[in-house]
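Here's the structure we're looking at; comments come further down.
In UniProt numbering, the protein residues as written are 1 to 357.
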């Protein structure tokens, strides 16, 4: 049985399935009856991802976090409907409700208004969007290869971090950086003069990069802005998340004016005379750091979290600064190539979204 985690845009994966007995399978298969050409849409968690079921996956079972949509082929092409539903994601996200996990109901999916031009026009639109989608896939592959290039260079320059094969000295993070938590949303204040400023939330901090898709604002006092203001080359780290992502972090290279951060995010400001942001950001993605966080994290119902004390105690290997500078220069060059690929991919996504409306 697959879940919403297995459904991406125009892609269905089969990793980490839930296994059922024959009796359970019969019950679930009767409920969904997934056929080749059906659409699968995520309706819990990250809502609005849509993919077409290929022939090889016909008959799969799905958790209730995924809706099964069966297009009428005499009225609408399944891939045309897929692209149109994908273009509605922002609307679906705004309609999602819930506390622990937001979601939408099947009735909301059924009530969506869909444009249905003649089938021959639908086929032309699909051909165009398939071509654009192929370009996006190529650019995404380029980005993946560039990320892999950075990881390979990291090992080449600094050796095996788990074994510390080059015998670098080790220090705790608290001796190398100033570390603070952020501002608490909904806190009480007696100050009457509040200023609206950008606010970096957990959703903005990914593993290795900052997601600028949605930046919220918060009302803060002058003192709070001074206390939490983000600076170029700060590292932002999350305190919790999926066990394999706990302690994820990224460099914020160009923070928005007077931007601050949420209390579920740690701000790490490095002493650059010992530790460079480019090196430390990649170190956080290495198994040495990940194993440390996973080993000390508190885990409840699939969510892991670390506290300030554990973060401060993170053991960090310290290669010579010239080697760190050499690696940082390499990352800067690769980032230029990544920027071009990202711009091409973004433009292609915008073109695809506009064409599917």
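All C-beta atoms, glycine included, are put in the ideal place defined by N, C-alpha and C.
Is it true that the CB of residue j sits closer than 8 Å to the CB of residue i?
i	j	result
residue 112	residue 88	yes
residue 47	residue 104	yes
residue 150	residue 210	no
residue 274	residue 339	no
residue 41	residue 67	yes
residue 180	residue 267	yes
residue 294	residue 304	yes
residue 207	residue 214	no
residue 228	residue 302	no
residue 45	residue 4	yes
residue 173	residue 342	no
residue 281	residue 332	no
residue 200	residue 262	yes
residue 219	residue 194	yes
residue 12	residue 57	yes
residue 277	residue 335	no
Does residue i come out as helix, strand or coil in the three-state DSSP assignment?
i	result
residue 19	coil
residue 94	helix
residue 315	strand
residue 87	coil
residue 264	coil
residue 203	helix
residue 4	helix
residue 148	helix
residue 67	strand
residue 113	coil
residue 186	coil
residue 104	coil
residue 75	coil
residue 255	coil
residue 121	helix
residue 224	helix
residue 165	coil
residue 56	helix
Per the DSSP calculation, residue i is bridged to which residue(s)?
i	result
residue 51	40
residue 269	178
residue 219	196
residue 300	303
residue 62	2
residue 236	250, 267
residue 11	8
residue 241	304
residue 171	316
residue 210	205
Measuring alpha carbon to alpha carbon, tell me which residue in the options is nearest residue i.
i	options	result
residue 71	128, 24, 63, 38	38
residue 78	192, 44, 119, 278	119
residue 264	178, 157, 184	184
residue 285	326, 143, 154	154
residue 65	80, 96, 36	96
residue 270	316, 323, 310	316
residue 223	241, 260, 24	260
residue 52	63, 81, 25, 24	81
residue 192	217, 221, 173	221
residue 166	240, 188, 320	320
residue 307	239, 292, 234, 299	239
residue 178	133, 272, 136	272
residue 14	140, 54, 141	54
residue 300	291, 242, 22	242
residue 279	329, 90, 138	329
residue 258	73, 225, 248	225
residue 254	248, 235, 246, 141	235
For residue i, which residues of its own chain have a beta-carbon under 6 Å away from its beta-carbon, when the five flanking residues on both sides are left out?
i	result
residue 256	198
residue 76	116
residue 49	7, 8, 9, 42
residue 147	none
residue 433	Residue 433 falls outside the range modelled here, since the chain spans only 1 to 357, and no answer is possible.
residue 109	67
If I measure Cβ to Cβ from residue i and keep anything under 8 Å in the same chain, skipping five residues before and after, which residues do I get?
i	result
residue 358	Past the boundaries of the shown model lies residue 358; the chain is included only from 1 to 357, so the question cannot be answered.
residue 29	59, 61
residue 126	77, 79, 80, 83
residue 34	40, 53, 57, 58, 59, 60, 61, 62, 68
Would residue i pass as an interface residue toward chain B - the criterion being a Cβ-Cβ separation below 8 Å?
i	result
residue 308	Among the chains of the structure shown, chain B does not appear; only one protein chain is present.
In its own chain, which residues sit with a C-beta less than 7 Å from the C-beta of residue i, not counting the 5 before and 5 after it?
i	result
residue 288	161, 162
residue 157	323, 326, 327
residue 310	296
residue 25	61
residue 217	196, 197, 198, 199
residue 1	17, 18, 20, 28, 61, 62, 63
residue 283	289, 316
residue 92	47, 48, 104
residue 101	44, 45
Using a threshold of 7 Å, is the CB atom of residue i nearer than that to any non-hydrogen atom of the ligand COA?
i	result
residue 29	Here there are no bound small molecules, and the ligand COA is not part of this structure.
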